[in-house]
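Note that the first sequence covers residues 1 to 277 in the working numbering. Structure, as structure tokens:
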Amino acid sequence: MPELPEVETVKRVLAPQLAGQSILSVTVCQPQIIAYPDAALFSELLTGQTIQSLSRRGKFLTLHMESGDRVVIHLRMTGQLLVTPPDYPLEKHTHLVAELPGGMQIRYIDVRRFGRFWLLKADEADTVTGQDKLGIEPLDDALTGEFLCARLGYRSKPIKEMLHDQTIVAGIGNIYSDEILFEAGIYPGEKCADLDADGWNRLAASIKKIISWGIEVNQLTADEYLAGKGKEYRNMPDLNAYGREGQACARCGSAMEKLIIGGRSSCYCPKCQRKKP
DNA sequence: CTAGCTTCCTGATAGC
DNA sequence: TGCTATCAGGAAGCTA
């Protein structure tokens with residue numbers, strides 16, 4: 001489940017491999033992964049183009065072509081984007097293959113097929129991917145306790161659920177929201193309206209700390225990426241909260257508890273992340 | 001505008 | 001052993 005740090009890793013690993021490469025052909029094996037325009041047009045328009053650079057916004061990855069066209073990719077739950085050497089074995093659930101010079105390929109593998117690709121022309125405004133509705137980046141200086149309070153302070157929803165709202169802060173998913181709330185010492189079910197200024201400040205600081213940490217620990221070489229994490233996002237090291245139900249809290253030793261919030265499982269320490277009375 | 005629910009999709013795991 | 005049920009979850013789409 002790639003979240004912002006993992007998508008950043010994908011970008012950093014693939015950017016040097018893809019910059020300057022021309023796309024010789026594109027084969028889409030699973031048409032539904034092409035959200036726009038359609039699989040046939042996607043392949044046709046992309047063939048012959050040269051990749052200039054890669055960028056990331058929230059959990060979206062963009063391949064910028066020299067023509068100004070761009071391919072926007074969202075990996076959703078299980079999407080894997082790999083640059084493979086010649087004769088690399090074909091994996092199950094490979095939905096897109098793009099041929100590069102020298103037998104190299106770009107491959108998109110996605111067990112659950114939730115991931116999506118969009119191809120936008122140079123002069124085409126982005127109104128189809130949802131990127132235009134994204135909130136600020138977690139590491140943006142604009143993300144402060146005041147900002148969060150202004151955008152969320154009046155809401156009655158649990159803070160955990162609002163951390164997943166991509167239109168407020170872009171890039172946080174279920175793993176990092178658990179880690180962020182643990183770091184901040186905030187009960188995940190806390191209503192936004194019940195947080196005070198200190199809580200919002202701790203939350204803003206924790207978002208920056210945890211997302212930065214996530215990017216840091218995910219630094220990989222191209223070989224490491226291909227061998228493991230490019231295909232296995234669940235292999236997150238040193239998590240303090242996510243998935244640790246019943247285990248001892250890293251801070252106080254209490255048994256971690258699980259709660260379903262907004263349909264998402266949430267692990268927290270009942271002592272360190274105490275619910276307000 | 002918000003809230004709440006369903007849908008997409010497969011594989012891992014639990015229970016019988 | 002083999003079957004069924006449940007869960008994992010990002011985001012869009014739907015109704016109210």
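Backbone N, C-alpha and C define an ideal beta-carbon position, used for all residues, glycine too.
Collapsed DSSP secondary structure at residue i in the structure displayed
i	result
Glu224	helix
Gln247	coil
Val10	helix
Asn235	Residue confidence is low: Asn235 scores 46 on pLDDT, short of 50, so the model does not pin down where it sits. No coordinate-derived value is stated.
Leu134	coil
Lys191	strand
Ile168	coil
Ile159	helix
Ala255	strand
Ser67	coil
Arg112	coil
Gly145	helix
Leu90	coil
Ala241	coil
Leu139	coil
Gly153	coil
Glu124	coil
In DSSP terms, what residue i is bridged to
i	result
Arg264	Ile261
Arg107	Leu82 and Val97
Trp118	Tyr36 and Val72
Val26	Ala98
Pro277	Answer by DSSP bridge pairing: none, since Pro277 is not bridged.
Arg56	Leu61
Thr129	None, per the DSSP bridge assignment.
Thr50	Ser22
Neighbour-count burial assignment, residue i, 16 or more Cβ in a 10 Å radius
i	result
Leu41	exposed
Glu8	buried
Gly79	buried
Leu148	buried
Leu283	Nothing can be reported for residue 283: it is not among the residues displayed for the chain, which extend from 1 to 277.
Arg234	For Arg234, the pLDDT reaches just 46, beneath the cut-off of 50, and the residue's location in the model is therefore unreliable, leaving the point undetermined.
Glu44	exposed
Arg274	exposed
Gly173	buried
Leu61	buried
Val10	buried
Ser67	exposed
Gly58	buried
Cys267	buried
Glu224	exposed
Chain-order list of residues whose beta-carbon lies under 7 Å from that of residue i (same chain, five-residue window excluded)
i	result
Asn240	Glu179, Phe182 and Ala250
Met65	Gln49, Thr50, Ile51 and Gln52
Pro85	Met104
Tyr154	Ala193
Leu312	This structure gives no information on residue 312, because the portion of the chain shown stretches from 1 to 277.
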